[in-house]
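Undergrad: From first to last, the protein sequence lines are chains B and L. Sequential numbering of the first sequence, starting at 1, is according to our numbering. Sequential numbering of the second sequence, starting at 1001, is according to our numbering.
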Amino acid sequence: MTELPLEAVLFVFLLVVGIVVGRLRNLFGAAMLTGIFSFLSAGLFTLLTAVDVAFTEAAVGAGISTVLFLATLALTDDTERESERSWLAIGVVSLTGLALFFGTFDMPAFGDPDAPIHHGVGRHYLMHSWDEIGLPNVVTSVLASYRGYDTFGELAVVFTAGIGVLLLLRSKAAVMGAKAKPIPVRSRAPYVREMPIVRAVAKVMLPFILLFALYVQAHGDFGPGGGFQAGVVFAAAFILYGLVWGPRAVQGIAPERMLEGGMAFGVLLYGGVGVAALFAGGTFLDYSAFTPEHPSHGQHWGIFLVELGVGITVSAVMVVIYFVFTARPRPRLPKRKKGALAPPRLTAVPELPVETPKEGSS
Amino acid sequence: MTLATHWHYWVVIALMMTGLHIVIARRNYVKKLMGLSIFQVSVIMLYVTMGKVAGGTAPVYVMEGEGHDAVPNLDVVYSNPVPHVLMLTAIVVGIATMALGLALVVRIKESYGTVEDDVVIEKDRAEEESLES
Chain B
1 MTELPLEAVL FVFLLVVGIV VGRLRNLFGA AMLTGIFSFL SAGLFTLLTA VDVAFTEAAV
61 GAGISTVLFL ATLALTDDTE RESERSWLAI GVVSLTGLAL FFGTFDMPAF GDPDAPIHHG
121 VGRHYLMHSW DEIGLPNVVT SVLASYRGYD TFGELAVVFT AGIGVLLLLR SKAAVMGAKA
181 KPIPVRSRAP YVREMPIVRA VAKVMLPFIL LFALYVQAHG DFGPGGGFQA GVVFAAAFIL
241 YGLVWGPRAV QGIAPERMLE GGMAFGVLLY GGVGVAALFA GGTFLDYSAF TPEHPSHGQH
301 WGIFLVELGV GITVSAVMVV IYFVFTARPR PRLPKRKKGA LAPPRLTAVP ELPVETPKEG
361 SS
Chain L
1001 MTLATHWHYW VVIALMMTGL HIVIARRNYV KKLMGLSIFQ VSVIMLYVTM GKVAGGTAPV
1061 YVMEGEGHDA VPNLDVVYSN PVPHVLMLTA IVVGIATMAL GLALVVRIKE SYGTVEDDVV
1121 IEKDRAEEES LES
């Protein structure tokens, strides 16, 4: 196996990053490291030929989750208090690890083509999905058609989590439609939008990110991609826009009402396709019923619509979550000690130790 | 030789335990959630390693022929697509539930003024005692 050394190197990196995340008490740094962790694992997934998984992990883990962690840190604390070493925790973890370690001896060897996992439906999907569904990407066939119920359930979970975040963090001011008070100029750090290089680069990249998201959405049938990945990439474009020009600029393009509608619309579209299949004489989510004389055409249409629903809901939920976190008023912080690192701000540059103009002197 | 055939699983378990240790031993809620996300990625990795077939390529058909006459080459070895499907949806669901967890952390910060586990428990206990007396 030629790829073996590279896999091992990535595993070592992952372990080191994982341990450092545990030890680092600066949560700002730890959040960035979790992004690196996700990127490294996406590389590993690619080596393990799970290209769709790698794609999702790179977009979600390295993009959205880092932003969410930073948003949370802006609303809470950026340093962790020292916690004492707990031998009980180490004991529990080592025991669990040992039990799992012994469990692996009953597992088939890595890459064994005769492993039980490859005898079930997996083989059927690989052998027959071309005749039954007619898509080159087997992962998409399984995701949207064979296991359409599962995916519908997962999409409902994403939708529910979005609703949950809205219920927990939506501030009263936003509900009443009142405008948030702008941060007074004197007390804020310079916004990223005042930095010409970041602005120019973001502006050049945005159309390409959006185009790429559409490509990923449409091309999921033929290669790695699909609604989940496209939704996340789409949301990442909006979040980038928000990071540079502020969340209110994004609301000019995508008002919250529209996004909340989108959250529900995607799930309804998915379910609606399923119900339409019932009316066409098939079972729930059986797309072949749409065109009985040519089943795979119906499958193509069904999968396209279902993936579209997934893309709309996922992107709307991600952008709404970003809005809700950034719109939340920051709690009044106790006075910081001199020289302590300022908590990161999402719409602003973290206060770098460069210019700190003293009042009264220019 | 077990080392040569099973080491992937062992490294994944080590990663998993790193995450689990953060969840158990760290007091800070944000840190706990970071540990949870490391744990989650390792579980996903365990599934993906099981789906790999030696010498197999990604489960996207290698097509033969041109245009509408193209047919997939079924003699090529492909990895198992099922774990990939289950895991890619799990990642997106994972980030959605992670956001929910972070939202709870923000609310805890607003009502307790802290995101440290032990301080929250202490404050709860103090309140209970003041109610009893």
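Heads up, the beta-carbon is just placed ideally off N, CA and C, and yes, glycines get one too.
For a quick check, are the C-beta atoms of B:I239 and B:V138 less than 8 angstroms apart?
TA: Here residue 239 of chain B refers to the residue found at position 239 of the first sequence. Here residue 138 of chain B refers to the residue found at position 138 of the first sequence. No, the pair does not count as a contact, with Cβ atoms beyond the cut-off.
Undergrad: Please list the partners that L:E1116 has in chain B, where partner means a Cβ-to-Cβ separation under 9 angstroms.
TA: For the purposes of this step, residue 1116 of chain L is identified with residue 116 of the second sequence, where counting begins at 1. Residues of chain B passing the Cβ test: D77, E80, R81 and S83.
Undergrad: Using a Cβ cut-off of 8 angstroms, pull out every chain B residue sitting near L:G1035, in sequence order please.
TA: Walking along the second sequence from the start, residue 1035 of chain L turns up at place 35. Going along chain B in sequence order, the residues near L:G1035 (Cβ under 8 angstroms) are V21 and G22.
Undergrad: From the DSSP output, which residues share a beta bridge with L:N1080?
TA: Here residue 1080 of chain L refers to the residue found at position 80 when the second sequence is read from its first residue. None; L:N1080 has no bridge partner.
Undergrad: Where does L:M1063 sit, in a helix, a strand or coil, going by DSSP?
TA: Indexing the second sequence from 1 puts residue 1063 of chain L at position 63. Three-state DSSP puts L:M1063 in a strand.
Undergrad: Taking all protein chains shown into account, do 16 or more other C-beta atoms lie within 10 angstroms of the C-beta of L:Y1029, making it buried, or fewer, making it exposed?
TA: Numbered from 1 along the second sequence, position 29 holds the residue referred to as residue 1029 of chain L. Under this definition L:Y1029 is a buried residue.
Undergrad: In this structure, what does DSSP give as the bridge partners for B:P224?
TA: Here residue 224 of chain B refers to the residue found at position 224 when the first sequence is read from its first residue. Bridge partners of B:P224: none, in fact.
Undergrad: What in chain B is Cβ-close to L:L1088, meaning under 7 angstroms?
TA: Translated into positions along the second sequence, residue 1088 of chain L becomes position 88. Under the 7 angstroms cutoff, chain B gives D52, V53, T56 and F228.
Undergrad: Could you tell me whether the Cβ atoms of B:S38 and B:E57 are closer together than 8 angstroms?
TA: Numbered from 1 along the first sequence, position 38 holds the residue referred to as residue 38 of chain B. Numbered from 1 along the first sequence, position 57 holds the residue referred to as residue 57 of chain B. Yes, the pair counts as a contact, with Cβ atoms nearer than the cut-off.
Undergrad: Please name the residue in L:V1041, L:H1084 and L:I1108 whose C-alpha comes closest to that of B:L73.
TA: For this step, residue 73 of chain B is matched to residue 73 along the first sequence. Looking at the Cα atoms, L:I1108 is the closest of the given residues.
Undergrad: Report the neighbours of L:N1080 on chain B: residues whose CB is nearer than 7 angstroms to its CB, in chain order.
TA: What you label residue 1080 of chain L is simply residue 80 of the second sequence in a count that begins at 1. Those within 7 angstroms of L:N1080 in chain B are I117, H118 and G122.
Undergrad: Report yes or no: is there a C-beta of chain L within less than 8 angstroms of the C-beta of B:V267?
TA: What you label residue 267 of chain B is simply residue 267 of the first sequence in a count that begins at 1. No, no contact with chain L.
Undergrad: Can you give me the start and stop residues for the alpha helix (DSSP H) that B:T160 sits inside?
TA: What you label residue 160 of chain B is simply residue 160 of the first sequence in a count that begins at 1. Counting along the chain, the alpha helix (DSSP H) containing B:T160 begins and ends at G148 to L169.
Undergrad: How far does the alpha helix (DSSP H) with B:A264 in it reach, from first residue to last?
TA: If you number the first sequence from 1, residue 264 of chain B lands on position 264. It spans E256 to F279 - the alpha helix (DSSP H) in which B:A264 sits, taken as one unbroken run.
Undergrad: List the residues of chain L that B:N137 touches, going by C-beta distances under 8 angstroms, in chain order.
TA: Reading the first sequence from its first residue, position 137 is the one you call residue 137 of chain B. Per Cβ cutoff of 8 angstroms: P1059, V1060 and Y1061.
Undergrad: Whose CA, out of L:E1110, L:S1079 and L:A1058, lies closest to the CA of B:P329?
TA: For the purposes of this step, residue 329 of chain B is taken as residue 329 along the first sequence, with counting starting at 1. Ranking the options by Cα distance to B:P329, first place goes to L:E1110.
Undergrad: Nearest to L:K1032 by alpha carbon, out of B:F45, B:G63, B:F69 and B:V60?
TA: If you number the second sequence from 1, residue 1032 of chain L lands on position 32. Cα-wise, what sits closest to L:K1032 is B:F69.
Undergrad: Considering only their Cβ atoms, is the gap separating L:A1025 from B:A237 smaller than 8 angstroms?
TA: Position 237 of the first sequence, counting from 1, holds the residue named residue 237 of chain B. Position 25 of the second sequence, counting from 1, holds the residue named residue 1025 of chain L. No, these two residues do not count as a Cβ contact at 8 angstroms.
Undergrad: Suppose you measure from the CA of B:I385 to the CA of B:V233; what does that come to, to the nearest Å?
TA: Only positions 1 to 362 of chain B appear in the structure, and residue 385 of chain B is not among them; the question remains open.
Undergrad: Output needed for B:G35: all residues of its chain with C-beta closer than 6 angstroms, excluding positions within five of it in sequence on either side, in chain order.
TA: The sequence position of residue 35 of chain B within the first sequence is 35, counting from 1. Same-chain partners within the cutoff: A62 and T66.
Undergrad: Taking only beta-carbon atoms, is B:P113 less than 8 angstroms away from chain L?
TA: As a working note, residue 113 of chain B is residue 113 in the first sequence. B:P113 counts as touching chain L.
Undergrad: Can you give me the Cβ contacts of B:G223 inside the same chain, cut-off strictly under 7 angstroms, excluding the 5 residues immediately before and after it?
TA: Taking the first residue of the first sequence as position 1, residue 223 of chain B is located at position 223. Here the set comprises N137.
Undergrad: Between L:L1020 and chain B, is the shortest Cβ-Cβ distance under 8 angstroms, so that the two count as touching?
TA: In the second sequence, the residue the question calls residue 1020 of chain L occupies position 20. Taking Cβ atoms only, chain B reaches closer than 8 angstroms to L:L1020, which makes this a yes.
Undergrad: Do B:A277 and B:F265 have their C-beta atoms closer together than 8 angstroms?
TA: Residue 277 of chain B sits at position 277 when you count from the first residue of the first sequence. Residue 265 of chain B sits at position 265 when you count from the first residue of the first sequence. No; because the gap between Cβ atoms is not below 8 angstroms, this pair is not in contact.
Undergrad: Whole angstroms are fine: how far does the CA of B:V60 sit from the CA of B:S187?
TA: Residue 187 of chain B sits at position 187 when you count from the first residue of the first sequence. Residue 60 of chain B sits at position 60 when you count from the first residue of the first sequence. With a pLDDT of 47 at B:S187, under the threshold of 50, the modelled position of that residue is not reliable, and the figure given next carries that caveat. Rounded to the nearest angstrom, the two C-alpha atoms are 33 angstroms apart.
Undergrad: Could you spell out the range, first to last residue, of the alpha helix (DSSP H) harbouring B:S65?
TA: Translated into positions along the first sequence, residue 65 of chain B becomes position 65. Looking at the DSSP string, the run of the alpha helix (DSSP H) that includes B:S65 is S65 to L75.
Undergrad: So does the region 101-116 of chain B actually touch the region 1037-1045 of chain L, counting three or more Cβ pairs closer than 8 angstroms?
TA: Cβ pair count under 8 angstroms is below three, so no.
Undergrad: Look at the Cβ atom of B:G231, then the Cβ atom of B:Y270, and state whether they are nearer than 8 angstroms.
TA: By one-based count along the first sequence, residue 231 of chain B stands at place 231. By one-based count along the first sequence, residue 270 of chain B stands at place 270. Not a contact, by the Cβ cut-off of 8 angstroms.
Undergrad: Quick one: any contact between the region 1008-1019 of chain L and the region 7-23 of chain B, if contact means 3 or more CB pairs under 8 angstroms?
TA: As far as the Cβ criterion goes, the region 1008-1019 of chain L touches the region 7-23 of chain B, which means the pair count is three or higher.
Undergrad: Indicate whether at least one CB of chain B lies closer than 8 angstroms to the CB of L:G1067.
TA: As a first step, residue 1067 of chain L must be located in the second sequence, where it is residue number 67. So, not an interface residue.
Undergrad: For B:W301, return the contacting residues in chain L, with the cut-off set at a CB-CB distance below 8 angstroms.
TA: Here the question's residue 301 of chain B lines up with position 301 in the first sequence. Residues of chain L passing the Cβ test: none, with the nearest at roughly 18 angstroms.
Undergrad: Look at the alpha carbon of L:K1052 and the alpha carbon of B:L48, and state the distance between them as a whole number of angstroms.
TA: As a position in the second sequence, residue 1052 of chain L is number 52, starting the count at 1. As a position in the first sequence, residue 48 of chain B is number 48, starting the count at 1. When rounded, the distance between both Cα atoms is 6 angstroms.
Undergrad: When you check each C-beta in the region 210-238 of chain B against every C-beta of chain L, which residues fall closer than 9 angstroms?
TA: Under the 9 angstroms Cβ criterion, the region 210-238 of chain B contributes F222, G223, P224, G226, F228, Q229, G231 and V232.
Undergrad: Flag this pair as yes or no: are the beta carbons of L:I1038 and L:I1022 separated by less than 8 angstroms?
TA: As a first step, residue 1038 of chain L must be located in the second sequence, where it is residue number 38. As a first step, residue 1022 of chain L must be located in the second sequence, where it is residue number 22. In this structure, L:I1022 lies closer than 8 angstroms to L:I1038 by Cβ.
Undergrad: Am I right that B:V157 and L:V1106 are in contact with their C-beta atoms under 8 angstroms? What's the rounded C-beta distance?
TA: Position 157 of the first sequence, counted from the start, is the residue given in the question as residue 157 of chain B. Position 106 of the second sequence, counted from the start, is the residue given in the question as residue 1106 of chain L. Actually they do not touch by this definition, with Cβ atoms about 21 angstroms apart.
Undergrad: Could you list which residues in chain L have their beta carbon closer than 7 angstroms to that of B:F101, in chain order?
TA: Here residue 101 of chain B corresponds to residue number 101 of the first sequence, with the count starting at 1. Chain L residues near B:F101: W1010 and I1013.
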